[in-house]
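Novice:
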Amino acid sequence: MTIPNIITVLRFLMVPAVVYSLLVGAMMPAFVIFVIAGISDGVDGFIARHYDQQTELGAYLDPIADKLLLVTVFIMLAILNHLPHWLVVLVVSRDILIVIAVILSSVMSQPLDMNPILVSKANTAFQIALAAVVLAELAFGVTFGDLRLILIYLVAALTILSAAAYLRVWIDHMAGSDGR
């Protein structure tokens, strides 16, 4: 197993640590683990690209680890009433719909690689920023004023735009693959 894949597997293991920290009210450890997980995502990608350690396994594991961390943190922050429930439903629903589209395409013998598009990358970046801001507020007892609110609405807008963009890609793929 390559070093980037080991780092990715460790990121999977950070998810329960963040959840536990949030459940017991240990906000500083939750913030620190989240930041370490975020840094590890950049590190494993850098190592994989620059030291020719990219693998098919890593190509699957890395985005799954990222989504698992983000979705879990968003759900926990909503449960603890630190993020609006409607936003978390929106974010999680988008991810579920993407997974369903990929599975449905495969079941229909029209497999589709859902490569990240620009709006999706922006969405993920702002989701990370929002989670980090909320966790930092909780860990350090500070308030970033309107920043949290701005990020909430920006994430909502980007989530909707990203879902629409992926839906368009999927519809075009399905229409083109079956000869219609």
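FYI, in our numbering the residues of the sequence shown are 144 to 323.
Every residue, glycine too, gets a C-beta built ideally from N, C-alpha and C.
For Ala308 versus Val262, is the C-beta spacing smaller than 8 Å?
Specialist: Residue 308 sits at position 165 when you count from the first residue of the sequence shown. Residue 262 sits at position 119 when you count from the first residue of the sequence shown. Result yes, Cβ atoms of Ala308 and Val262 sit closer than 8 Å.
Novice: Just how far apart, CA to CA, sit Met370 and Ile190?
Specialist: Nothing can be reported for residue 370: it is not among the residues displayed for the chain, which extend from 144 to 323.
Novice: With a threshold of 8 Å on Cβ separation, who are the neighbours of Ile150 within its own chain once the five nearest residues in sequence on each side are excluded?
Specialist: Against the sequence shown, residue 150 aligns to sequence position 7. Cβ within range, chain order: Ser183, Val186, Asp187 and Ile190.
Novice: If the criterion is Cβ atoms closer than 8 Å, does the pair Ala274 and Phe177 meet it?
Specialist: By 1-based counting over the sequence shown, the position of residue 274 is 131. By 1-based counting over the sequence shown, the position of residue 177 is 34. Yes.
Novice: Just curious, the alpha helix (DSSP H) that Gln253 is in, first and last residue?
Specialist: Within the sequence shown, numbered from 1, the residue matching residue 253 stands at position 110. Premise fails: Gln253 is in no alpha helix (DSSP H) and is neither H nor E.
Novice: Nearest by alpha-carbon distance to Leu326: which of Leu233, Pro254 and Thr198 is it?
Specialist: Any question about residue 326 goes unanswered here, given that the chain covers just 144 to 323.
Novice: How would you label Asn258, buried or exposed, when you count the other beta carbons within 10 angstroms and need 16 or more for buried?
Specialist: For the purposes of this step, residue 258 is taken as residue 115 along the sequence shown, with counting starting at 1. By the neighbour-count rule (16 or more Cβ atoms within 10 Å), Asn258 is not buried but exposed.
Novice: Can you check which of these residues, Gly288, Gly181 and Ile241, is closest to Ala208 by C-alpha distance?
Specialist: Translated into positions along the sequence shown, residue 208 becomes position 65. Among Gly288, Gly181 and Ile241, the Cα nearest to that of Ala208 belongs to Gly181.
Novice: Reducing DSSP to helix, strand and coil, say where His316 ends up.
Specialist: Counted from its first residue, the sequence shown places residue 316 at position 173. Helix.
Novice: Taking only heavy atoms of the ligand MN into account, decide whether any of them is closer than 7 Å to the Cβ of Leu261.
Specialist: No copy of the ligand MN occurs in the structure displayed, which carries no ligand at all.
Novice: With DSSP collapsed to three states, give me the class of Thr302.
Specialist: In the sequence shown, the residue the question calls residue 302 occupies position 159. Helix, per DSSP.
Novice: According to DSSP, simplified to helix, strand and coil, what is Phe283?
Specialist: On the sequence shown, residue 283 is found 140 positions in, with the first residue counted as 1. Assigned with DSSP and collapsed to three states, Phe283 falls in helix.
Novice: CA-CA distance, Met144 and Asp256?
Specialist: Walking along the sequence shown from the start, residue 144 turns up at place 1. Walking along the sequence shown from the start, residue 256 turns up at place 113. Distance between the alpha carbons of Met144 and Asp256 is about 24 Å.
Novice: Which value, in whole angstroms, describes the spacing of the CA atoms of Arg192 and Ser248?
Specialist: The residue labelled residue 192 in the question sits at position 49 within the sequence shown. The residue labelled residue 248 in the question sits at position 105 within the sequence shown. Arg192 and Ser248: Cα-Cα distance of roughly 29 Å.
Novice: If we count the other Cβ atoms within 10 Å of its Cβ and call it buried at 16 or more, is Phe217 buried or exposed?
Specialist: Within the sequence shown, numbered from 1, the residue matching residue 217 stands at position 74. With 16 or more other Cβ atoms within 10 Å, it is buried.
Novice: May I have the straight-line CA-CA distance separating Ile179 from Phe155, to the nearest angstrom?
Specialist: Reading the sequence shown from its first residue, position 36 is the one you call residue 179. Reading the sequence shown from its first residue, position 12 is the one you call residue 155. Whole-angstrom Cα-Cα distance: 12 Å.
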